[in-house]
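Chains as they are written, first to last, in my numbering: chain B, 508 to 1008; chain C, 508 to 1008.
This is the structure we're talking about:
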């Protein structure tokens, strides 16, 4: 790269910080995958200390000087100008929140998480309610401090996860999809109750699951020279230094052949995104994720559009049977695919299928927006949650633990995160539609286990743009339009029609 | 702990730095045990960046202010005074070396390591010689800059690994032990050539070796709630945050049942030392190692005095046979113990047995001292090395790769490190003699697999002292005398007499 000196200086500053962020990411990765229990206390302090140092680095006069100097020399809409603009966006978000507020929030969050664990174990929302109240107040103050040019306080918070995202747009998309989703659940849940599925929960030895999953990830194009597969309590992907070191985890259950594999393919989608960044720009916004929604679009595309499809399984089912002849010898391919795609309303989001998942997420989005904008009193949350569950999924939680206390997000003060799960699904359907138009042989390629054409297309169209194009710009470049829900609805209707009718 | 406020402030400063050092240790641990190859470049930069931040933290005015303020309030010889004195010692070592010299050394070291790898692969010492010359010059300058109150420039460097150590003392001990060691080699090597050993290199499946090794470490008292066993190219122990997170590695070879297990027990000895520090003082010199010699005494004591003894194997051999009946069913306990303890001169230090090992180390110590003090020209190193090998072990290397290029230490500029291996053996024999006097049933306890009495004794007498007592003080407290070689010679003579006569 040959940049103007002021831009190079800014890039150097950003990179220096990225090395520390890489260390922070490793502290987190190790905590989830390896650290013995005894290390927890010191680890929390080490992460705190390093977080503070990163924060100071952003706030150093040398950094703001470098930023201003770079802003003075770039113009237009090229990569340098976009890079500098993205650094400015992040910088403003960081420095606008007063340290005192950040500290107060950190303490409140830590206390809220402890209270949430306790409240959940006792099924007692009232124990968590005052903490939620306090966090909402603090997050409103943060949203104000950000002086965000969105339409609402909620937008200011969502911007952390989905830059330039708008709650109004999410609500509009939500209203558009909900009736159809509810209709699909009504139509396919009864059919699926009759679908044979016993073989999915036969004993599948964990070591063989591991070997099979690793082979699938290699086939999909996950590069183990720049990656690692580990085990943790909850599957996740961590870019220790993307694109050169991007790791994934999953968890294995012997009596469940679907869960670990689906989790791995999901995390692999995240990892392919980060391994697809331009290595020359490692440690800068050119090689970083633009938004959680786009990130999730990549994981969901590989997990759902690819990993649950009849084409995918026409290639992999014979291999799975070879690996597990005793468990799957009496199962036909189409039986397996139907079992793998069962639609079934349940109380728990993280166990939800492809159709009901969006309803779980929209419910949370609507409630958290109402909480933040003071249209819903905290005390009413359990009641309204349960009403909405009944309305969307026909189920009523029998406890707060399986109701409004099930997710960690609110106890972390992460308001505005949930919609990115939904946006990820919307984007993934849009992108997949565009990919099929661009690659007319895609279905046949998947059936043959050829993933390189799709992966290359995603890399060129999405991954390599890093965070210097907004999610909207990416969407428009890829599919010719801004975010819309038609692709998602068409995909779901057609898929389940083919599978179960 | 209730300390004077100025001491508490200093402890807080030291602890804050220790959190960053913990992150640095984790970056190193991960690099050796998990990191994919692709992450290497960024990892090197992340370590560099964090190292610089740690260095700046030591050099911050707030730190020297806190140190002086603490020095003003402590007196006498209590724990606080000792703690402050140890911080001062480390502080002086750090700040006395000018940054320019530190940077020059870092660059020279990095280049020397690349050259060393190349030279070793080509058996060409001449390629490494100019780098060694340059590093020696730089280290002499460092030794001068340290203004160390020892007897020689070598002492100033050795002080980094063995605080208050003296080359003259090592030389005196070396002269004392060498004749006996050479005599023991001459006596037992011929006998050992006749000792049956084929069964040690039968195929021992790695997974079973792992399970057996883990059980032994648990029995020895290694706490896996505060530890972790991993695999790496070379065995090591890393205190990520001692005593709360202390990890070990080993490497497994199928056709070698001794190597991985000996390595594990050795690293376990290191780990028991660090797990034995006082948790209340974590992150301070009260809970840190005093010297590499003392550290090595702990690893060698468990590896040799315990882990190769007939008592140890009278307990474990039946268990090993249970684990590997096909491989060891035709072997008797005493055959096994004799094979495990074979004395056999070889060219490579890291493969050496308990008797020859010290000769390998003394050779290096003598040569590096002569190099540093300009009594030996760099160009003559291979010749003198080979002469000494002939003199001490009766072997002559057929190449530089198996001669003076075999170890990484000099390419890292680590002059003064080698004697700590020898000192470790000297201390371990002294300590073990004292332990046997203090615990009259020790042999019987080991035969029954009871390690707690010995471990507790070591903890109280050595581990809990951390680095606020010098190695000499520890030696005097434990064995009533300063460092001496009699215990080592008595131990070796008696052990091999019993085994092979």
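Glycine is no exception: its CB is placed at the ideal position from the N, C-alpha and C atoms.
Beta-bridge partners assigned by DSSP to residue 756 of chain B: B:737. Contact between the stretch 594 to 608 of chain C and the stretch 565 to 581 of chain C is present: 3 or more CB-CB pairs across the two stretches fall below 8 Å.
Looking at the DSSP output, residue 745 of chain B sits in a beta bridge with B:754. For residue 789 of chain B, a Cβ of chain C is located within less than 8 Å of the residue's own Cβ.
The beta-carbon separation of residue 795 of chain B and residue 974 of chain B, rounded to 5 Å, stays under the 8 Å limit for a contact. As computed with DSSP, residue 763 of chain B is found in a beta bridge with B:760. Of the residues assessed, residue 762 of chain B falls on the exposed side of the cut-off, its CB having fewer than 16 other CB atoms within 10 angstroms. Closer than 9 Å at the C-beta level to chain C, one finds these residues of the stretch 751 to 764 of chain B: 751, 752, 753 and 754.
Excluding the 5 residues flanking it on each side, residue 641 of chain C has same chain C-beta neighbours closer than 8 Å at 615 and 619, in chain order. By the C-beta density criterion, residue 753 of chain B is buried, having at least 16 other C-beta atoms within 10 angstroms. Listed in chain order, the alpha helix (DSSP H) runs fully inside the stretch 854 to 902 of chain C are 863 to 879 and 888 to 900, counting runs of at least 4 residues.
For residue 720 of chain C, not one C-beta of chain B is nearer than 8 Å to its own C-beta. Between the stretch 984 to 1001 of chain B and the stretch 680 to 687 of chain B, the count of Cβ pairs shorter than 8 Å is three or higher; the stretches touch. Around the CB of residue 959 of chain B, fewer than 16 other CB atoms lie within 10 Å, so the residue is classed as exposed.
Note that the C-beta distance between residue 550 of chain B and residue 566 of chain B is not below 8 Å. Membership of residue 847 of chain B in the alpha helix (DSSP H) is indicated by the continuous run 840 to 847. In terms of beta-carbon proximity, residue 543 of chain C lines the interface with chain B, with at least one pair separated by less than 8 Å. Annotation for residue 628 of chain C: the continuous alpha helix (DSSP H) segment containing it runs 606 to 628.
Between residue 831 of chain C and residue 711 of chain C a beta carbon distance of about 6 Å is seen, short of the 8 Å cut, so the two are scored as contacting. In the three-state scheme derived from DSSP, where H, G and I count as helix and E and B as strand, residue 911 of chain B is classed as coil. With fewer than 16 neighbouring CB atoms inside 10 Å of its own CB, residue 890 of chain B falls in the exposed class.
For residue 560 of chain C, the neighbours in chain B by C-beta distance under 7 Å run, in chain order, 560. For residue 689 of chain B, the uninterrupted alpha helix (DSSP H) run begins and ends at 674 to 700, by DSSP. For residue 667 of chain B, no alpha helix (DSSP H) encloses it, and the DSSP letter there is neither H nor E.
In the DSSP annotation of this structure, residue 793 of chain C is not part of any alpha helix (DSSP H), being labelled neither H nor E. Nearest CB-CB separation between residue 941 of chain C and chain B: not below the 8 Å threshold. Here residue 747 of chain C is not near residue 878 of chain C, since their CB atoms are 8 Å or more apart. Chain B places a beta carbon closer than 8 Å to that of residue 548 of chain C, counting this residue as a contact. Looking from the CA of residue 760 of chain C, the closest CA among C:709, C:772 and C:731 belongs to C:709.
Inclusion of residue 849 of chain B and residue 814 of chain B in the CB contact set at 8 Å is not warranted, their separation being larger than that value. Within the same chain, 678, 681 and 895 come within 8 Å of residue 873 of chain B by CB-CB distance, once the 5 residues on both sides are set aside.
Judged by DSSP in its simplified three-state form, residue 927 of chain B adopts helix. For residue 745 of chain B, not one C-beta of chain C is nearer than 8 Å to its own C-beta.
The three-state reading of DSSP puts residue 542 of chain C in coil, since its state is none of H, G, I, E or B. For residue 963 of chain C, the uninterrupted alpha helix (DSSP H) run begins and ends at 959 to 968, by DSSP.
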